[in-house]
Structures are given as structure tokens and as C-alpha cells.
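As they're listed, the protein sequences go chains D and U. Under the working numbering, the final residue of the first sequence carries the number 556; numbering is consecutive throughout. Under the working numbering, the final residue of the second sequence carries the number 556; numbering is consecutive throughout. Here is the structure we will look at, set down as C-alpha cells.
Protein chains: 2
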Amino acid sequence: MREHSTRRSFRKRFGNPAWPLTLFPLPAFPEIRRGQNLAESILEAARRQRIEFEAGDIVVVAQKIISKAEGRIVSLRSVRPSARARALAKTLKNDPRFIEVVLRESRRIVRAGPRVLIVETRHGFVCANAGVDRSNVPGRDSVSLLPRRPDDSARRVAEALRKRTGKRLAVIISDTFGRPWRLGLINVAIGAAGLRVLLDLRGSRDRTGKRLHATILAVADELAAAAGLVMGKAEGVPVVIVRGYRFRPAREGAARIIRPAKEDLFR
Amino acid sequence: MREHSTRRSFRKRFGNPAWPLTLFPLPAFPEIRRGQNLAESILEAARRQRIEFEAGDIVVVAQKIISKAEGRIVSLRSVRPSARARALAKTLKNDPRFIEVVLRESRRIVRAGPRVLIVETRHGFVCANAGVDRSNVPGRDSVSLLPRRPDDSARRVAEALRKRTGKRLAVIISDTFGRPWRLGLINVAIGAAGLRVLLDLRGSRDRTGKRLHATILAVADELAAAAGLVMGKAEGVPVVIVRGYRFRPAREGAARIIRPAKEDLFR
């Protein structure tokens, strides 16, 4: 209540959006197992950090723990590579069983590079190895797959958190993707619930009064990237709470961010 | 001093990096003119927000005010379009003088789409219209160009800020770029000074003890994206201070993020 009125007087003086954005890491997560109630784990981790959820918080969850909770882990020992996977594996100098799993998760191969397949996943994401990943998965021969429907996963976590906290929260599921032209991975939103993922500023005016053209901001991706700074990669910070970003509530998912093939200048 | 010891005990209890990341917007900037001392304007804006710089702060500056301070503004009235620009403008249904400016800023055209040219700029960035932009530029027929050497621009601001504050600070210059496959723009780093822009985690181990492969994080881009959440677009927040991200100091610029053509699976 106090913060709210402080915030108001602050806005009055300085205009919008002159309020800091804060990202709280939730470290010290236990190893997540299939069937685990993630909302419960998140609430517990927040309690340990003495963080109380506030209305408008955005909870960014690393894909890996969603996949683990949903049992999207495959042991390569159980995988029989097809002839196609074996041939590709030879060219790419990779494990044919790994390639087989990647192919099963893919709609099509976009590019085949050294040791890596860039594919379009069944969801429509374009990324390396269909998001199939060995890191942070227990067991030498186990890999994690992306959640089957990440927007549904996000919605389930958001609803459970809302029920338990009584607060309006949004959820983003993030994963690290590479991209053309620029080196390095950045975190993007592969799932979302409760917020507008694309912020359409067309028609609004800039400070000089000119109409903004072609200005749609991928805010869900920027939120995921921001959380990525706090997550690190190897450090066991699978959840980040973003506070102070005034999102527009919406019933839409990260699938909306996928560029329709016919509008894409790069297919 | 007090914060430092709190932080240490916090880390002892919860491990790294369990400290919040905070982004402070610096709104209420005056219109920036050619030759303006930007470090001075940033310090003044910070003072108005009662923010004192701390060692390790990262100052993210929107490209637009760098370009303005460096006089990278062109009046289209002074531009004589070439035959090539006129032909392209006809196809793209755009102003031939605008296309002429885009061509001058470009090494090559990557794609020509409806109303937009995706080009490789003279710096090597791949983006729409070579970053030439009408928004937030005073004058109906004026456009802004990207800084000529954004890494040098970042270094100059960083050095001036260090001199004035006595603190080790890093600077990132951000701009909003589109990307293939995903809708919406996100902020990326086009210039940087004082920090490692790519964080190479190869060889480090994940929580299960496995070595991480192919894990280079584009932290400068994630920092720019995070700042983008606070900048908005039309709102006159051209500078954001990021506090709490423990970057690795380095003498490198954002040019390092540009993927060498021969390593790029998408050229």
C-alpha cells in the first residue's frame, strides 16, 4: 500500500515509467522430478529468499525444470536411430540416437552445420537441435526435450500460483536460443501466460509527435533475456521473479511470437 | 560498505548469484543536440533521480541519443537519390531519398521486403533499413543514422563517466532490431565498452557435473534487452542503469558479437 502511493507520487514527478525494474533470482532449487508440483517448489524457494509475491510479478521459469516436471526426459539407451538419423549423425559427427531424438521433435531441418542441426520444432520454433539438450539432466545418456505445449505449461503454473497467492501473476518459460548473424545464445520466451507477449506501439506517437511505424516490441523475449542474466546457465537458478514491469494482461501465449512463414523474409 | 558485507553473507547462505538485479530508468532527458556532452547529461539525469553511481554499474544508452550527440542526423531534403535508390524505392513503395540514405549506410542488401530493406550495415550488423530511422528525430524530413563506430562511442561515454565518478562502469549502446523467425523487435547491443560481451561457459560444468558445450551467452544483448523493457520506445527513457550484474571487465566491443560470415549457417 505504501509502495503504491510512493510509486504514484514518483510517477507524478517524473512521468512513466520511472520506477526500477527488479529481478529476484530463486536459487537453491531441489532437483525437479517428474510429476513435481512446480508452483509449490517456486513458492517454497521464494519463501526461502523471503520474497512475497506481489500482483503484477512475472515469474520466468527455465525450460529445463518444466521439462523435468513433465517427464520430458529421454534416455538415449532406449532410442533406436533410423537410417536417416544414422546418415545425418555420420555427417555431423554426433550420436545417431541424439540425432534421432532431434528429428522426432522436428518438422523440418533448416540447416545442418558442424555438430548441430538447426530445425523447426513441432511448435514452430527455429533453434539448434530442436531444444534437445544434455546439460543439467542427471544420467550420462539422458537428454531433455522441450515441453510439448509450453504455453499450456506456463498457464498451468500461472493458475496454480494465482490460486495459492491470490495475486495476478504472469509466467514465462525461457530457453537459450542461438540466432543468425549474431554470436552467442540469448534467452527467449518459448511459453507464456497472463501477459501480452508482443507490445504493439504502432499508431502511438514518439516524443516529437510522429507516429511510430513497425514498432512491435517482443516484450516476452526481452523479459526472458533479462531473466537470463540472473539465471546464468550452470548455476541452479531456474526461476526469476521480475518485479516492476507493467505488462498488459492478456490471454495469449508465446506461440504468437512465431513469425508466420509467409511473412518471414528469411525462409 | 554495508551493502557489500550484507551481500557477502547473503552469498554465503544462498550461493551465487542470489542478489537482485535492478534496472533504474533515467527519464526526463532534455532533447540531445549535436556536440552535447552525454556523460554530463547522464550524470545530471541520475542526480535528478537521486541515483549515485556504484562500481560495477552498467549504463545502457539508446542509440538515438548517441547519434544525435554525434550529429548523425540527415535531412532528407539534402539527399539526391541515385538511380538504384529510385528503382528500389518504387518496388518498396518508400521514399527514394530514404532508400538512398539506407544504401549509403549498407555493405549489401540481404533481403528486400514490403517497405523495408534488410541490409548488412557498414559495421556488419544485419538489420532493417541499416538502422536509419525517422522516430524521435525532430523535423519532419530528418532521419537518424547509427553511430559510425558504436564501440568507440561507448568507450568515450564510459571513460567520461569513470573520470567523473571515479567508479568502474561499463557502457552498452542499444538499438531495437528485428530478427528472422520471431515477430517483434528486441533491443540488442550495437556498442559496448568495459565488459565481456560474450560469456564463454564452455568447459565449465553444469549442476550434474557434465561439461557445458556450445554455451556462449550473449550477455551484452541480454543486458540491452533488459534495458529495453525499461526504455519503452516513445517514452523518453534513453538511459537505463543496470545494477547487480557481475560482468567480467574486458577491453572489447559489441563488434565481437557479429558472427563471422564463414561461421554463419544462415548466409
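Just so it is clear, CB atoms sit at the ideal spot from N, CA and C, and this is done for glycine as well.
Residue i versus the options, residue with shortest Cα-Cα distance
i: D:Glu343; options: D:Thr311, D:Thr504, D:Glu320, D:Leu406; result: D:Thr311
i: U:Gly521; options: D:Arg453, D:Val529, D:Val508, D:Arg471; result: D:Val508
i: U:Arg437; options: U:Glu320, U:Lys357, U:Trp470; result: U:Lys357
i: D:Val519; options: D:Asp489, D:Leu488, D:Pro319, D:Ser463; result: D:Ser463
i: D:Val363; options: D:Ser395, D:Ile354, D:Arg453, D:Asp422; result: D:Asp422
i: D:Arg369; options: D:Ile355, D:Arg540, D:Arg386, D:Thr380; result: D:Arg386
i: U:Leu381; options: U:Arg361, U:Arg397, U:Gly402; result: U:Gly402
i: U:Glu541; options: U:Phe318, U:Leu365, U:Leu488; result: U:Leu488
i: D:Asn418; options: D:Ala449, D:Gly467, D:Val426; result: D:Gly467
i: D:Val526; options: D:Val349, D:Glu341, D:Arg339, D:Arg336; result: D:Val349
i: U:Pro319; options: U:Arg396, U:Val529, U:Ile354, U:Ala459; result: U:Ile354
i: D:Ile340; options: U:Ile479, U:Val399, U:Trp308, U:Ala459; result: U:Trp308
i: U:Leu474; options: D:Glu511, D:Ala449, D:Ala478; result: D:Glu511
Alpha-carbon spacing of residue i relative to residue j, whole angstroms
i: U:Gly517; j: D:Ala372; result: 46 Å
i: U:Leu435; j: U:Gln325; result: 17 Å
i: D:Tyr534; j: D:Asp346; result: 8 Å
i: D:Leu484; j: U:Glu409; result: 34 Å
i: D:Pro549; j: U:Leu472; result: 9 Å
i: D:Asp384; j: U:Asp384; result: 53 Å
i: D:His412; j: U:Arg429; result: 43 Å
i: D:Asp553; j: U:Pro469; result: 7 Å
i: D:Ala514; j: U:Ala513; result: 9 Å
i: U:Pro314; j: U:Ile530; result: 6 Å
i: U:Leu332; j: D:Arg457; result: 37 Å
i: U:Ser231; j: U:Ile547; result: Examination of residue 231 of chain U is not possible in this model, given that chain U is present from 290 through 556 alone.
i: U:Arg451; j: U:Asp441; result: 15 Å
i: U:Thr465; j: D:Leu406; result: 28 Å
i: U:Phe536; j: D:Arg532; result: 22 Å
i: D:Thr497; j: U:Asn476; result: 21 Å
i: D:Ile398; j: D:Val390; result: 13 Å
i: U:Arg337; j: D:Lys551; result: 48 Å
Chain U contact for residue i (CB, 9 Å cutoff)
i: D:Val342; result: Contrary to the premise, residue 342 of chain D reads as Phe rather than Val in this sequence. So, not an interface residue.
i: D:Phe313; result: yes
i: D:Lys551; result: no
i: D:Arg471; result: yes
i: D:Ser385; result: Note that residue 385 of chain D is Pro in the sequence shown here, rather than Ser. Taking Cβ atoms only, chain U never reaches closer than 9 Å to D:Pro385, which makes this a no.
i: D:Val460; result: no
i: D:Asp510; result: yes
i: D:Arg396; result: no
i: D:Ser424; result: yes
i: D:Thr465; result: yes
i: D:Phe303; result: Per-residue confidence for D:Phe303 stands at a pLDDT of 44, beneath the threshold of 50, marking its modelled position as unreliable; the derived number appears in the next sentence. Interface residue, yes.
i: D:Pro306; result: Because the pLDDT of D:Pro306 is 39, which lies under 50, any placement of that residue in the model is unreliable, and the question is left without a value.
i: D:Arg323; result: no
i: D:Gly480; result: no
i: D:Thr380; result: no
i: D:Pro439; result: no
Those residues which DSSP pairs with residue i across a bridge
i: U:Phe466; result: U:Ile475
i: D:Ile321; result: According to DSSP, D:Ile321 bridges with nothing at all.
i: D:Ser395; result: D:Thr410
i: D:Thr497; result: In DSSP, D:Thr497 forms no bridge with anything.
i: D:Ala481; result: D:Ile461
i: D:Val426; result: In the DSSP output, where bridge partners are listed per residue, D:Val426 has none listed.
i: D:Ser371; result: Partner(s): none; D:Ser371 has no beta bridge.
i: U:Pro505; result: First, the amino acid is wrong: residue 505 of chain U is Ile here, not Pro. U:Ile505 pairs with U:Asp489.
i: D:Arg445; result: Per DSSP, none; premise fails for D:Arg445.
i: U:Val390; result: Partner(s): none; U:Val390 has no beta bridge.
i: D:Arg532; result: D:Thr311
Cutoff 9 Å: residue i Cβ touching any chain D Cβ
i: U:Leu310; result: yes
i: U:Arg336; result: no
i: U:Val408; result: no
i: U:Val519; result: yes
i: U:Pro538; result: no
i: U:Lys452; result: no
i: U:Pro370; result: no
i: U:Gly483; result: no
i: U:Thr295; result: Because U:Thr295 sits at a pLDDT of 48, beneath the cut-off of 50, its placement in the model cannot be relied upon, and the following sentence gives the value as read from the coordinates. Answer no: the Cβ-Cβ gap between U:Thr295 and chain D never drops below 9 Å.
Cut-off 6 Å between Cβ atoms - residues of its own chain near residue i, not counting five sequence neighbours on either side
i: D:Leu327; result: Ala358, Val446
i: D:Ile388; result: Ala374, Leu377, Ala378
i: U:Leu392; result: Ala374
i: U:Leu506; result: Leu488
i: U:Ala481; result: Ala443, Ile461, Ala509, Gly542, Ala543
i: D:Arg400; result: Ile407
Own chain residues within Cβ distance below 8 Å of residue i, not counting five before or after
i: U:Arg545; result: Val486, Leu487
i: U:Ala334; result: Leu315, Pro316, Ala317, Phe318, Val528
Beta-carbon contacts of residue i that lie in its chain and below 7 Å, excluding the five residues immediately before and after
i: U:Val426; result: Ile362, Val432, Ser433
i: D:Arg366; result: Asp430
i: D:Lys499; result: none
i: U:Arg453; result: Ala328, Leu332
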